[in-house]
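What follows is one structure encoded as structure tokens, with my remarks underneath.
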Amino acid sequence: VKTAIGAQAQGKKGRETRLAADKTLASGTDPRAAMRQYMTAVTVDPNDVEAWTGLARSLLAIKPDANTGSERYELPMNASAAAYIAYERARAPDAKARALAVLGEALKRRSFWRPAIDAMRISLAHAENAEVRKSYEALRNEHGFRMMDYKVENEAADPRLCIQFSERLQRGTVDPAKFVAVDGRETDNLSGEARQLCVDGLAHGKRYEITIRAGRPSEIGETLLKPA
1267 VKTAIGAQAQ
1277 GKKGRETRLA
1287 ADKTLASGTD
1297 PRAAMRQYMT
1307 AVTVDPNDVE
1317 AWTGLARSLL
1327 AIKPDANTGS
1337 ERYELPMNAS
1347 AAAYIAYERA
1357 RAPDAKARAL
1367 AVLGEALKRR
1377 SFWRPAIDAM
1387 RISLAHAENA
1397 EVRKSYEALR
1407 NEHGFRMMDY
1417 KVENEAADPR
1427 LCIQFSERLQ
1437 RGTVDPAKFV
1447 AVDGRETDNL
1457 SGEARQLCVD
1467 GLAHGKRYEI
1477 TIRAGRPSEI
1487 GETLLKPA
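So this is what it looks like as structure tokens:
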């Protein structure tokens, strides 16, 4: 009985501390104070998922101290850890979604683009959220599967154009000709591997308009959002 009463009192103290931290963070005046309150809350109740998520949010809200260069890296790194703990301990889909959304923001702050995109995508799979959707689409447009560059290999007797992508291209079940047009027409004269696709059989001295159509799938499951 004493153990049960003690656990209830401890849980109540943890919730009260977390609610106080929520108010402090919402005020926008002192995210460091909110961080300290959330740290107390997760110490009192390590299973409080919302406290872990709040801790991650407060860490991201702190402006790094100019006199402490390491904070620029430590704050988002610790936010990533707190958000991941929240995700692992969450049971409800909404709680998992909130934790993953914060994790995505923390990873974005660290320039871990692909993990950030994946975290936000899984967050939306758990629960749709307009703000997270907007962040996810912006991040995917800038750092998701896309055409990176191209080069013309014109030293051979039959020159070719090779296009580089940010991710490995899906092979096997995909007909690459459906996604490549040369002067407006599909072509089977294609080769390449991994992240590169080449248009073969070109001629010296000629100009070509080559289009990679939207929808071209990658190995990670993303498709090109726009034609290139």
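Numbering-wise (my numbering), the sequence shown opens with residue 1267 and increments by one.
The beta carbon of each residue, even a glycine, is placed where N, CA and C say it ideally should be.
- Here Arg1364 carries a helix assignment [DSSP, helix/strand/coil].
- Less than 8 Å separates the beta-carbon of Tyr1304 from that of Gly1320.
- Comparing alpha carbon positions, the residue from Pro1483, Asn1344 and Val1398 closest to Ile1328 is Asn1344.
- C-alpha of Val1465 to C-alpha of Leu1373: approximately 36 Å in a straight line.
- CA-to-CA, the gap between Leu1369 and Ala1363 works out to about 10 Å.
- When secondary structure is reduced to three states using DSSP, Ala1494 falls in the coil class, being assigned neither helix nor strand.
- For Ile1388, the closest alpha carbon among the candidates Tyr1474, Ser1377 and Tyr1353 is that of Tyr1353.
- Between Phe1411 and Ser1484, the C-beta gap is smaller than 8 Å, which places the two residues in contact.
- Pro1493 counts as exposed, since fewer than 16 other C-beta atoms from the protein chains shown sit within 10 angstroms of its C-beta.
- Taking Arg1399 as the centre and dropping the five residues before and after it, the same chain places the C-beta of Leu1390 closer than 7 Å to its C-beta, in chain order.
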